[in-house]
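Under the numbering used here, the first residue of the sequence shown is numbered 295, with each subsequent residue one higher.
Below is one structure, written out as structure tokens; comments come after it.
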Amino acid sequence: MIEQPARVEGIPAGLTVRGLDRDQTPVADWLCACGRHERATGGAAVTALTASVIAGHCPHRAAGRAAA
Ligand SMILES: [Zn+2]
């Protein structure tokens, strides 16, 4: 698993998915290696996020700041 230290308390580094019970909306929290946090809410969004996240890979640096 991810062994990088987490800088944000309460959310472990890497991908955390919760709310998988039937009556809950699934929520995925992703803490990137660069420290950036992203959250996906809803089944489709969670699926997309989990599919796109690669442990140890930071897409933010690759994308640069062009869109910012
Ligand atoms: Zn990143």
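Even glycine gets a Cβ: it sits at the ideal position worked out from N, Cα and C.
Just so you know, these numbers come straight off a predicted model, no measurement behind them.
(request) In angstroms with no decimal places, state the Cα-to-Cα distance between C328 and C352. (result) Translated into positions along the sequence shown, residue 328 becomes position 34. Translated into positions along the sequence shown, residue 352 becomes position 58. When rounded, the separation of the alpha-carbon atoms in C328 and C352 is 7 Å.
inquiry  = Buried or exposed for D323, going by 16 or more other Cβ atoms inside 10 Å?
reply    = Within the sequence shown, numbered from 1, the residue matching residue 323 stands at position 29. D323 comes out buried.
From this set, L314, R330, Q318, which residue's C-alpha is nearest R355's C-alpha?
Position 61 of the sequence shown, counting from 1, holds the residue named residue 355. That would be R330, whose Cα lies nearest to the Cα of R355.
Can you tell me whether A342 is buried or exposed? The criterion is at least 16 other CB atoms within 10 Å of its CB, across all chains shown.
Here residue 342 refers to the residue found at position 48 of the sequence shown. So A342 ends up on the exposed side.
Report task. Under 5 Å from any heavy atom of ligand 1, by CB: list those residues in chain order, please. Result -> Going along the chain, the residues that qualify are C326, C328, R330, C352, H354.
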